[in-house]
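S.K.:
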Amino acid sequence: MQKRGAPGDEDKDAKKRKLLEEIGNGHLQYFSSKDESFYELNAKHIPENVHQSAQKAFLSLFHHGCLFRDLVRLKGYKMESKPSALKDEKKDICCMDLYNVQLINYMDPQDMDYLKEEPYFDDFNQTHQHCVLAGFQPRFSSTHRVAECSRGTLKYIKSRCHTALENLCMNTDTEEASLNTLQRSVLYQTEEIHNEVEFEWLRQFWFQGKRYNKCTNFWMAAMTDLEDLWKQMEMMTSLVLKAIEKRSHAPEATCRILKTILPLLLVRQNLREEWRQ
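Using our numbering, count along the sequence shown one by one with no gaps and you end on 278.
#1: Confirm the yes/no value for this check: CB of threonine 154, any heavy atom of the ligand SAH, distance under 7 angstroms.
#2: Leucine 265: buried (16+ other C-beta within 10 angstroms of its C-beta) or exposed?
#3: Relative to the alpha-carbon of serine 61, which residue among Cys216, Leu272, Met221, Ala244 has its alpha-carbon at the smallest distance?
#4: Would you call methionine 221 buried or exposed, if buried means 16 or more other Cβ atoms sit within 10 Å of its Cβ?
#5: Do the CB positions of threonine 191 and asparagine 168 come within less than 8 angstroms of each other?
#6: Helix, strand or coil: how does DSSP classify tyrosine 40 here?
#7: Does the segment 192-210 touch the segment 159-166, meaning 3 or more C-beta pairs lie closer than 8 angstroms?
#8: Classify threonine 217 as helix, strand or coil using the three-state DSSP reduction.
#9: Going by DSSP, what residue range makes up the alpha helix (DSSP H) through histidine 163?
#10: Specify the secondary structure class of glutamine 111 as computed by DSSP and reduced to three states.
#11: In three-state terms, what does DSSP make of phenylalanine 208?
#12: Okay, do the segment 180-191 and the segment 203-217 touch, 3+ Cβ pairs below 8 angstroms being the bar?
#13: Would leucine 203 and glutamate 228 be called neighbours here (beta carbons separated by less than 8 angstroms)?
#14: Determine the direct distance from the alpha carbon of tyrosine 40 to that of histidine 65, and round the result to whole angstroms.
#15: Contact check, tryptophan 231 vs valine 268 under 8 angstroms by CB: the rounded distance?
#16: Helix, strand or coil, according to DSSP, for cysteine 150 in the structure here?
#17: How would you call asparagine 271, buried or exposed, if buried means at least 16 neighbouring beta carbons within 10 angstroms?
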């Protein structure tokens with residue numbers, strides 16, 4: 002994934018700094034077998050047929066190419082992660098005490114260029130706990146997580162897009178498009194959403210190529226719908242610029258509109274240039 006300054010990065014950095022300050026020179030208290038809520042089921046207590054079924058299922062996913070290495074873009078280069086993974090979202094689970102995301106991972110230590118004693122880079126070990134099994138045999142693992150779903154979901158971004166498109170008016174007779182208002186707060190929100198759907202969703206998806214099509218066509222259809230919404234926002238940006246060119250507003254009002262949307266347009270231009278490189 003391309004490194005960039007996302008809208009929430011400053012908040013994340015602030016929370017991280019606050020957590021590190023609270024920890025100081027100490028360490029996080031790790032969850033262990035000594036905790037009352039720790040539950041461990043020895044493998045020998047699980048029926049053999051369950052072991053065999055689980056192994057068969059994991060191997061079937063692996064041999065049919067359903068486990069993918071993450072494809073990321075770093076400083077203009079495409080890179081693949083060494084472990085392969087499959088994400089499964091549990092959409093019906095609403096209780097935050099239960100997991101809503103399951104990651105099935107496959108990793109062959111012999112295929113790793115290097116293995117660090119610490120599972121995370123930099124100071125992440127001070128704020129994250131991770132369990133790594135020893136050994137050099139290829140292994141599957143399953144990680145269960147609770148994902149924060151107020152942002153970053155398809156439902157969320159579609160809702161954001163429809164919020165932006167509330168300012169677009171289509172004449173059913175002439176099929177001409179116009180904007181309901183040139184209010185600066187509305188224009189700013191629209192261009193902000195415009196950038197979000199393009200760089201956080203569409204470009205990230207198409208960057209991955211069509212390798213996920215063998216497993217599902219769900220995301221292809223979903224991204225096609227998002228792209229249609231993005232095209233309408235492209236038209237809205239064009240309508241704003243045309244309104245400015247017509248000079249139908251007082252110079253002071255026009256200047257304020259430009260100052261409002263110009264930073265977002267420059268971000269879009271710079272990010273598009275980075276993606277072209």
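The beta carbon of each residue, even a glycine, is placed where N, CA and C say it ideally should be.
M.R.: Judging by the given coordinates:
#1: The ligand SAH is not among the ligands present in this structure, which contains no ligands whatsoever.
#2: buried
#3: Cys216
#4: exposed
#5: yes
#6: coil
#7: yes
#8: coil
#9: 155-165
#10: helix
#11: helix
#12: no
#13: yes
#14: 33 angstroms
#15: Tryptophan 231 to valine 268, Cβ: 16 angstroms. No contact.
#16: coil
#17: exposed
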